[in-house]
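Visitor: In the numbering used here, the protein residues as written are 863 to 1090. Note that CB positions come from ideal geometry on N, CA and C, so glycine has one too. Remember, predicted model here, so these are calculated numbers, not experimental data.
Structure representation (structure tokens):
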């Protein structure tokens, strides 16, 4: 027969082991969640109905107190997380909405500086008809007044348990292009998210980010009569 003190010691050790395992599991969950929070959260957080894709920290880069002018482009900050074991394609577009203080744009795309075109030579091989179809525009394009840029569709394949992160500091920025109206702080742009896994299409409003530090304060103007 085992002494009473020994049985109590065994029970205490077992309880301590269970507590350690529970704490370890909790910590693992916290680490997984913290991995998503790689930047201070200030934007919109949402997800698909099934939870297959997480949308995190969606916002427009803060441009200053004047905001973005109508017709201009605005960089987006966004993190997408695939929570499934299958690849998912996420497509982002924009559409008008009747909501107050919410604007739209002509398109959403990944904007990067265009590579300089190589100079053609007489010895260069002629491109195939397939290649020509990819690079030739269907209609004449006016010469750009500013630096040439490439715009890729906002369509992203995210691997199983993978992610796609977009920051305004990226060389190739995710942008809303051709704003329908002025976009000052306090307003949002309407975005449409579509998912290849069959999740319902989502309309999400991306707000203009708040500044990291307060703007300069204006000193009150005093008339000469008030000064004396």
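(1) Per the DSSP calculation, residue 939 is bridged to which residue(s)?
(2) Given residue 824, which residues of its chain have a CB within under 8 Å of its CB, disregarding the five upstream and five downstream residues?
(3) Per DSSP, what kind of secondary structure is residue 1044 in: helix, strand or coil?
(4) So what does DSSP say about residue 905, is it helix, strand or coil?
(5) Looking at the unbroken beta strand (DSSP E) that takes in residue 1062, where does it start and where does it end?
(6) Drop a sphere of 10 angstroms on the beta-carbon of residue 958, count the other beta-carbons inside from all chains shown, and report buried for 16 or more, exposed for fewer.
(7) For the beta strand (DSSP E) holding residue 927, just list the boundary residues, first then last.
(8) For a quick check, are the C-beta atoms of residue 1051 and residue 932 less than 8 Å apart?
(9) Between which residues of its own chain and residue 969 is the CB-CB distance below 6 Å, once the five residues before and five after are set aside?
(10) Can you tell me whether DSSP reads residue 1069 as helix, strand or coil?
(11) Expressed to the nearest angstrom, what Euclidean distance is found between the alpha-carbon atoms of residue 1031 and residue 952?
(12) Within its chain, find whatever has a CB closer than 8 Å to the CB of residue 984; leave out the 5 residues flanking it on each side and keep chain order.
(13) Please report the distance separating the alpha-carbon of residue 1091 from that of residue 1010.
Guide: Quick answer:
(1) 921
(2) Residue 824 is absent from the structure shown; the chain starts at 863 and stops at 1090.
(3) coil
(4) coil
(5) Unbroken run through residue 1062: none, as it is neither H nor E.
(6) exposed
(7) Residue 927 -> no beta strand (DSSP E), and no H or E assigned at all.
(8) no
(9) 1039
(10) strand
(11) 22 Å
(12) Because the pLDDT of residue 984 is 37, which lies under 50, any placement of that residue in the model is unreliable, and the number read from its coordinates should be weighed accordingly. There are no such residues.
(13) Nothing can be reported for residue 1091: it is not among the residues displayed for the chain, which extend from 863 to 1090.
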